[in-house]
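Note sheet for the following structure.
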Amino acid sequence: MFEYILSLLTITVILVLLAQSYNLSFGLTGLLNLGHIIFYGIGAYTAAILNTKFGVGFFENLILAILITGGFATFFGLLCLRLSGHYLAIATLGAAMITSVVANNWMSLTNGPLGIRGIENPIVFGYHFDSALSIFSLYFIIVSFCLFLLYKIFHSPYGRILRAIKDDELAAISVGKNVFSAKIWSLILSASFTGIAGVLYAHYRLFLDPSIFALPEIIFAILIVVVGGRGNFWGCILSVLFLQFISEIPRFFGFPDEIVGATRNILFASLLIAVMFWKPNGLFDKQLKKTLEKNKK
Amino acid sequence: MKKLLIFLVAPFLLWGCEENISNTDNNPETIKIGGIAPLSGDGATVGLMIQNVTNLAIETINNDGGINGKNIEILWEDGKCNPGDSSRSTQKLVNIDKVTAILGGVCSGETLGAAPITEKKKVILLSSASSSPEITSAGDFVFRTSPSDNSQGSILADYANKNFKKVGMITEQTDYSIGIASTFKEHFTGEIVEENYLPTESDFKTRITKLKNENIEGVLLIPQSPAKFEILIRQLQEQNWDKPILSNEIVTNTEVLKKFSDFFVKVSYVGAQFIVPDSENLNTFIDSYTTKFGEVPIYTNYVATTIDAVNMLAKALKEVESNDTEKIRDALYNIQNYEGFSGNISFDKNGDINITHSLFSFDGEKLVSLDEK
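Just so you know, the protein sequences line up as chains A and B, in that order. With my numbering applied, the first sequence corresponds to residues 777 to 1073, in that order. With my numbering applied, the second sequence corresponds to residues 20 to 392, in that order.
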């Protein structure tokens, strides 16, 4: 039981980092980037390939993944960020499809749909993190550190520029802010943190295939941010916990086995629609806090 | 008010969870095993069939007295045909339900996603349908009762080496099809003109036209499903294709081939098939399956491999008489020349089964083995 909970918590901390970094570009800056999962996949593939083919260690992979996803985000940003709104959404979704096709076809690099097997658990300073508790502790520390940095970014003057861009891009330009550069940096930072999440994922799952780029993964990332409230730092973390909780619940409720998987998809999709309709600012926005306080009184 | 309600209900949900978890504590009267298959989504056609076959086979064993007086209890989880979901399901089966063995996955991705966890926890993973060559080296506790794709890729290549210098190849981009394609490429000495398509595509006209202009002597089709095979054949026929056609095992069901009898007789068809011997036991099983679930199982060969997987695991459990998975593993390796539904079978040192594919041609009515010719 304990190990099962630890395995869930490990995946949860990885998802928290994935979601929070997405929250930076999509939530805070308002870039409707549907290709965010690309960076997660690239991070994971970087770790998988370098580890299995060249024996590169966990920490080196983290650094290389930051550089590679950051570099890719620069290129991606220069191409796509000239667009906005729906156009940006379509272009980034297209980019996600392209990456998926590349991962499926570049057999010599990614081993295509057969996937990469034999990735190692993290080894740091000679210590092999292979028990559930040790991996969770390591990941918890890494993710907490990243979250601390992200929190600083969210609440820095730069973070306020990003918020201004989301609220009114024209106004931000009119007060002399370099909107394009701010947007590109938001994407690069967001991508680098996502790359870290990808590395953590690969070194935890130990097997990687192109399904990491699949549409359900993209929708799940969007769902986390929307449910948590776009640009809401704590809301996003609560949202991951909440979604992980409801996604595991059907397993324990004696539903027929063939319904459990579908139930989860239906739950998620209905939740996304419901939140968009009735709580466009997310389930965990400040309004909720106020209501709860009122109820207490 | 609504929110308050949610907070009020939440503890009950948790309590319900707890209730269920405590129910799954090890019951000494039963032997608990897990099952992983795609129970929802695209892979569910095969997944649900394998789930039914497994349940029925276990029911038969339990009715015959179970394992040394204990009944087998199987707990199913949806692997959704991908490594991520399968890995979550495996965590649950291994850590909460404390199963000694898992039957599954069905898709190769499921088996490969589960393998790192079962290896670490020394839990038997026995698949009856995953065919990726990668599974051969996935671990010491990983077994399978269906042949690896290596065998179809290599016999098709041997046939092609004898008969053609240049072939065309149309491959669907799934782990299954690409596995076969890469083995074929390894073994074929002639020239290959490759064409790939995504699982979502269904228009192959330009690819066929291109192949027609390439001066090839035959074409190898490697689709993922019988439905795609049919679409490919229909389009080849529409474009007056006149070269021999080779294919993977996807069309064991001759109904699909019969739809195009004249065409296949004209161009000649050779397929790598893995066909299980027609036995009375198998037919009886299929009859009881049909009565119970109201439909005929679609893949007879996987019905056979699945029953074999269940029976071989049961045999090992009977011999070992404990939950010691290392002993169960050794017992599985020691099973030699077992008279199963899919033939006379044994596991090799990698946990792979000793049955292979063989080549068949189609005479317009039925499949004819090329070995017998």
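Idealized CB from N, CA, C, for every residue including glycine.
Inter-residue Cα distance where the pair is Leu403(B) and Ile294(B): An answer regarding residue 403(B) cannot be provided, because it is not within the stretch 20 to 392 covered by chain B.
Segment contact, 8 Å Cβ cut-off, at least three pairs: the region 996-1003 of chain A with the region 802-819 of chain A: yes
Considering only DSSP beta bridges, list what Lys99(B) is partnered with. None, per the DSSP bridge assignment.
Using a cut-off of 7 Å between C-beta atoms, extract the partners of Glu779(A) located in chain B. Asn114, listed in chain order.
Looking at Ser106(B): is its Cβ nearer than 8 Å to the Cβ of Ile86(B)? no
With a threshold of 8 Å between beta carbons, is Val1051(A) in contact with chain B? no
Cβ of Gln171(B) less than 8 Å from any chain A Cβ? Output row for Gln171(B): interface = no.
Is there a C-beta anywhere in chain B that falls below 8 Å from the one on Arg939(A)? False, the Cβ-Cβ gap to chain B never drops below 8 Å.
Proximal residues, the region 145-168 of chain B versus chain A, C-beta separation under 7 Å: Ser151, Glu153, Ala157
For Lys231(B), collect the residues of the same chain with a Cβ closer than 8 Å to its Cβ; drop the 5 residues on either side in sequence, then sort them by chain order. Gln258, Trp260
If we cut at 8 Å on Cβ distances, does Ser783(A) have a partner in chain B? yes
Tell whether a beta-carbon distance below 8 Å holds between Ala350(B) and Glu338(B). yes
Whether Gln1020(A) touches Thr786(A) by CB criterion (8 Å): no
Cutting at 6 Å between CB atoms, please list the residues of its own chain near Val435(B), excluding the five before and the five after it. The requested residue 435(B) is not part of the displayed model; chain B covers only 20 to 392.
Report the option in Gln243(B), Ala63(B), Thr164(B) whose CA atom is closest to the CA atom of Glu96(B). Ala63(B)
Cutoff 7 Å; reference Ile199(B); Cβ partners in own chain excluding five residues on either side: Asp168, Gln171, Gly172, Ile241, Asn267
Between the region 1043-1063 of chain A and the region 1003-1012 of chain A, do at least 3 Cβ pairs fall closer than 8 Å? Judged by Cβ distances under 8 Å, the region 1043-1063 of chain A makes contact with the region 1003-1012 of chain A, as three or more pairs qualify.
Can you list the alpha helix (DSSP H) stretches of 4 or more residues lying completely in the region 101-151 of chain B, in chain order? Runs of the alpha helix (DSSP H) spanning 4 or more residues and lying entirely within the region 101-151 of chain B occur at 102-114, 127-140, in chain order.
Using 10 angstroms around the beta-carbon of Val322(B), count the other beta-carbons present and answer buried if the total reaches 16, otherwise exposed. buried
Check whether the Cβ atoms of Arg163(B) and Ile372(B) sit closer than 8 Å, and answer yes or no. yes
Thinking Leu938(A) and Ala958(A) are a contact (beta carbons under 8 Å), I'd like their distance in whole angstroms, please. 6 Å
Residue-chain proximity (Asn881(A), chain B), Cβ-Cβ < 8 Å: yes
Indicate the three-state DSSP secondary structure (helix, strand or coil) for Thr325(B) in the structure shown. helix
Just how far apart, CA to CA, sit Gly124(B) and Thr309(B)? 23 Å
Between the region 212-235 of chain B and chain A, which residues of the former have a C-beta closer than 9 Å to a C-beta of the latter? Asn215, Leu217
Are any of the Cβ atoms in chain B nearer than 8 Å to that of Asp985(A)? Asp985(A) counts as touching chain B.
Arg163(B) beta carbon near the ligand FMN (any heavy atom closer than 7 Å): For the ligand FMN, the structure offers nothing, since it holds no ligand at all.
Cβ neighbour criterion (16 or more within 10 Å) applied to Gly1037(A): buried
Using 10 angstroms around the beta-carbon of His931(A), count the other beta-carbons present and answer buried if the total reaches 16, otherwise exposed. Taking all protein chains shown into account, His931(A) has fewer than 16 neighbouring C-beta atoms within 10 Å of its C-beta and is therefore exposed.
With C-beta atoms as the reference, is Thr822(A) less than 8 Å away from Ala795(A)? Annotated as distal: Thr822(A) and Ala795(A), with beta-carbon spacing of 8 Å or more.
Burial state of Phe815(A), where buried means 16 or more other Cβ atoms lie within 10 Å: By the neighbour-count criterion, in which 16 or more other beta carbons inside 10 Å mark a residue as buried, Phe815(A) falls on the buried side.
Counting contacts by CB-CB distance shorter than 8 Å, is Ala824(A) in contact with chain B? no
Just to make sure I have the definition right: I need the residues of chain A whose C-beta is within less than 7 Å of the C-beta of Lys99(B). Which are they? Gly1037
Which residues in chain B have a C-beta closer than 8 Å to the C-beta of Pro898(A)? List them in chain order. Result: empty, since nearest Cβ-Cβ is about 14 Å, beyond 8 Å.
Go ahead and label Val315(B) buried or exposed: buried means 16 or more other beta carbons lie within 10 angstroms of its beta carbon, across all protein chains shown. exposed
The region 177-211 of chain B: which residues have C-beta closer than 9 Å to a C-beta of chain A, in chain order? Correct list: Gln192, Thr193, Asp194, Tyr195, Ser196, Ile197, Gly198, Ser201.
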